[in-house]
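*Asks:* Please read through the structure below; I'll follow up with questions.
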Amino acid sequence: MDTEAKPAERDRSRPPGTPGRWGRSRFALAPLAERVPGGRFTLALLTCLVFLLLLSTFVVRPFEIPSGSMERGLRVGDRVLVNKLAYRFGARPSRGDVVVFDGTGYFGHADYIKRVAGVGGDHVVCCDREGRIEVNGHPVDETGFLYPGNSASDVPFDVVVPDGRLFLLGDHRARSSDSRDHLGSPGGGMVPVEDVVGRADWIVWPYGRWTRIERPGAYAHVPAAEAAHG
Numbered sequence: 000m001d002t003e004a005k006p007a008e009r010d011r012s013r014p015p016g017t018p019g020r021w022g023r024s025r026f027a028l029a030p031l032a033e034r035v036p037g038g039r040f041t042l043a044l045l046t047c048l049v050f051l052l053l054l055s056t057f058v059v060r061p062f063e064i065p066s067g068s069m070e071r072g073l074r075v076g077d078r079v080l081v082n083k084l085a086y087r088f089g090a091r092p093s094r095g096d097v098v099v100f101d102g103t104g105y106f107g108h109a110d111y112i113k114r115v116a117g118v119g120g121d122h123v124v125c126c127d128r129e130g131r132i133e134v135n136g137h138p139v140d141e142t143g144f145l146y147p148g149n150s151a152s153d154v155p156f157d158v159v160v161p162d163g164r165l166f167l168l169g170d171h172r173a174r175s176s177d178s179r180d181h182l183g184s185p186g187g188g189m190v191p192v193e194d195v196v197g198r199a200d201w202i203v204w205p206y207g208r209w210t211r212i213e214r215p216g217a218y219a220h221v222p223a224a225e226a227a228h229g
C-alpha cells in the first residue's frame, strides 16, 4: 500500500506567479487604499490614529501636571498616564490613590489631580496632637509623600465622607486647593466617584523621571468605616 503523501497538484487554472487565495487576503483593504491619496501609507496612518483615539478614550489618557499642588512626587510639566479602566469593573478608588477627576461644580471647570484621603463613610479629621490626619480614628503618617516642611493641614477639619464621594488632598498642602478649601461649597468639597477620570499610574515624561506611581502604605492599617463607626 502506498503510504507516502502525494504532493498536491498545482492549480493549472492560474499562470505561475499569480497570487492564490492567501496572497489575495494579505491586504484586504487594498481596493480602499487605491482610492486614498497616499495609498497604503495614508491608510496605515489613519488606522494608527483611530487606534490611538480609541486607546485614549477607553483605556489610558495622558495628563500634564498643571501646578505644584502634588509636589514632591509630581512636578509641574510632568506627564502621567491615567488608567481609565482602574475603576470601571467594580473596583473603587482606595485611600492613597492619585486620581484625575473632573472638578466641574466642585473645584472648577477643569480636570484636577489629587490624592484620595478618604472614601465613602470615612471620618477624616485634622489634626491629632502630633499634627497628623486621622482617618476612622487611625493616624496617617504622610511623611513618605507630603511636601517637606508642610504640615498636614493649616485648616482644621472634621468630616464624614458621604457614600460614593471622595475627600481629596494635594501632597503640597501649602499650594493645593483641595477638599479642605471647598467644605462650604456644594458637595462639601467631596467629589463623586463617577467624576473620576482614572488613576494616575505612571510618570512617563520627562524620560529621566519615568516611574510607577505606587499607592503608599500609610493608609494600609486604616480600619474600614463600618468598623470605626460600629
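In numbering that gives the first Met the number 0, the protein residues as written are 0 to 229.
Think of the CB as a built atom: it goes at the ideal place given N, C-alpha and C, for glycine as much as any other residue.
(1) My understanding is that Arg208 touches Asp77, with C-beta atoms under 8 Å, so please give their C-beta distance in whole angstroms.
(2) Spell out a yes or no on whether the segment 83 to 98 and the segment 179 to 198 are touching, meaning 3 or more CB-CB pairs, one atom from each, closer than 8 Å.
(3) Specify, as a first and last residue, the run of the beta strand (DSSP E) that Ile112 falls within.
(4) Report all residues from its chain with a CB closer than 7 Å to the CB of Val154; omit the five preceding and five following residues, and keep chain order.
(5) Skipping 5 residues on each side, what residues in its chain have a beta carbon closer than 6 Å to that of Arg279?
(6) Please name the residue or residues paired with Val196 in a DSSP beta bridge.
(7) If I'm right that Tyr105 touches Val192 with Cβ under 8 Å, what's the distance once you round it to whole angstroms?
(8) How about Val139 and Ala217: do their beta carbons lie closer than 8 Å?
(9) Considering only the alpha carbon of each residue, which of Val79, Arg164, Tyr146, Gly67 lies closest to Tyr206?
(10) Would you mind stating whether Ala151 and Arg131 have Cβ atoms separated by less than 8 Å?
(11) In three-state terms, what does DSSP make of Arg71?
(12) Under the assumption that Val115 contacts Pro92 (Cβ atoms under 8 Å), give the Cβ distance between them as a whole number of angstroms.
(13) I'd like to check one pair, Asp162 with Lys113: are the Cβ atoms closer than 8 Å?
(14) Once the 5 residues before and after Gly22 are set aside, which same chain residues still bring their CB inside 6 Å of it?
*Replies:* According to the structure shown:
(1) 6 Å
(2) yes
(3) 110 to 117
(4) Arg179
(5) Limits of the chain in this structure are 0 at one end and 229 at the other, which puts residue 279 out of reach.
(6) According to DSSP, which records beta bridges pairwise, Val196 is partnered with nothing at all.
(7) Not quite, the Cβ-Cβ distance comes to about 12 Å (not below 8 Å), so this is no contact.
(8) yes
(9) Val79
(10) Yes.
(11) In the structure shown, Arg71 sits in coil (DSSP, three-state: anything other than H, G, I, E or B).
(12) 5 Å
(13) no
(14) Annotation note: pLDDT 42 at Gly22 (below 50); position unreliable, coordinate value reported separately. Once the five neighbours on either side are set aside, Gly22 has no close Cβ partner at all.
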